[in-house]
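Take 785 as the starting number for the first sequence in the working numbering and just add one per residue. Using N, Cα and C, we set each Cβ at its ideal position, and we do this for glycine too. Structure first, then comments.
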Amino acid sequence: MPELPEVESVRRGLARAGLEAAVAKVERSSFALRTGAHWAKRLERVRRLQGCRPASVDRRGKYLLWEFLRPGEGSWTLLVHLGMSGRCTVHPAETPKAAHTHLRLRFEDGRVFDFVDPRRFGGLRCDTRSALETSAPLAELGPEPWSPEFSAEALHARLHRSRRALRDALLDQRVVAGIGNIYASEICARAGIDPRVACSRLRPSAWARVHGETRRCLRDAISRGGTTLRDYRNIEGGRGRNQRALWVYGRSGQPCARCESPVSSEILQGRALFWCPSCQARPRGRWVV
DNA sequence: AGGGATCCCTGTACGC
DNA sequence: TGCGTACAGGGATCCC
């Protein structure tokens, strides 16, 4: 389940790979990836990358933006979303295609880039940078966790009337970009707040903790190369190391990393939710401070 | 308009 | 052993 730290790890891996040679050939599977207006119609356009040279790799939320310089002038940008099971890999030489390879870029230096996604929840799109940034899904994303627009005050202002559970607000990419189910549970755990509590009950001091722990949790996960519970792999095919540092996610019944009480879990909005009933007790009063 | 429900998709885990 | 089934979940879409 690639979230911001995993996508950032892929971004850094791609940048480190130092691909500079032009794309000799674009190979596409006949499967549709993510369907819908934003994706399927535009998959054909990856052929545009033929003859282009890879340049900078950026990230916005859970999306990768990989720029390719055109032979004449200008550039195309490849937008990549890993969905649930998407993997990006760079192979040093000829490598057989893995099952469910949806895109292979063959570079003139002999290396290949593969996008593999068995569950096909991921998506690809190729367009100009400005076309991508001014349309869905990028245009709808909320602030990056490290941007000045993401603040405790902004969280409070946006959510103080919302009756949604805190966990569900953190999953909303319009509130802040990049958080998925794993880090939503972990952020609530580190902030010491019951993830089921309605946003409207959080006072500014509680939002300050949510804000601070969001940044810390994601930053620490990036420094550990992301979380591999099942599918996630980095550009070299290796696993992340953050799974060992999780406090609550996937640890139902096991001792909380902080107080050793057994971790609780339930399904909320169709998604697994984990918390420590002792460190994240439901407030008895009206407010979470 | 906010937010809940449903669907997409396949590998894995588990029960009988 | 083998088969069937439940489950995992990000985001688009529909709907109230």
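Length of the line joining the Cα atoms of R1023 and M785: The residue you call residue 1023 lines up with position 239 of the first sequence. The residue you call residue 785 lines up with position 1 of the first sequence. Straight-line Cα distance between these residues: approximately 12 Å.
Going by DSSP, what residues sit across from T885 in a beta bridge? The residue you call residue 885 lines up with position 101 of the first sequence. V900, per the DSSP bridge assignment.
What is the DSSP secondary structure of V830, reduced to helix, strand or coil? Numbered from 1 along the first sequence, position 46 holds the residue referred to as residue 830. Correct three-state label for V830: helix.
Assigned exposure category for K881 - 16 Cβ within 10 Å defines buried: By 1-based counting over the first sequence, the position of residue 881 is 97. So K881 counts as exposed.
Contact check, W1031 vs S1048, beta carbons under 7 Å: Within the first sequence, residue 1031 is the residue found at index 247, counting from 1. Within the first sequence, residue 1048 is the residue found at index 264, counting from 1. Cβ atoms of W1031 and S1048: not closer than 7 Å.
Out of curiosity, what's the CA-to-CA distance linking E997 and P1039? As a first step, residue 997 must be located in the first sequence, where it is residue number 213. As a first step, residue 1039 must be located in the first sequence, where it is residue number 255. Cα-Cα distance, rounded: 21 Å.
Cβ pair count under 8 Å reaching 3, the segment 931-946 against the segment 1007-1023: Counting Cβ pairs under 8 Å, fewer than three are found: no touch.
Using a threshold of 7 Å, state whether the C-beta atoms of G906 and H865 are closer than that. Within the first sequence, the letter at position 122 stands for residue 906. Within the first sequence, the letter at position 81 stands for residue 865. In this structure, G906 sits near H865, with a CB-CB distance shorter than 7 Å.
Find out if the Cβ-Cβ distance for the pair L986, A968 is shorter than 7 Å. Along the first sequence, one-based indexing puts residue 986 at 202. Along the first sequence, one-based indexing puts residue 968 at 184. It is not a contact, given that the beta carbons lie outside the stated cut-off.
Whole angstroms is fine: what's the gap from R1003's alpha carbon to P789's? Counted from its first residue, the first sequence places residue 1003 at position 219. Counted from its first residue, the first sequence places residue 789 at position 5. Distance between the alpha carbons of R1003 and P789: 7 Å.
Specify the secondary structure class of Y1033 as computed by DSSP and reduced to three states. Here residue 1033 refers to the residue found at position 249 of the first sequence. Of the three classes helix, strand and coil, the one that applies to Y1033 here is coil, per DSSP.
Just reading off the beta strand (DSSP E) that R844 is part of, what are its end residues? Taking the first residue of the first sequence as position 1, residue 844 is located at position 60. From DSSP, the beta strand (DSSP E) with R844 extends over R837 to R844.
Beta strand (DSSP E) segment containing S1048, residue limits: As a first step, residue 1048 is located in the first sequence; it is residue number 264 there, counting from the start. Its beta strand (DSSP E) spans residues S1048 to L1052.
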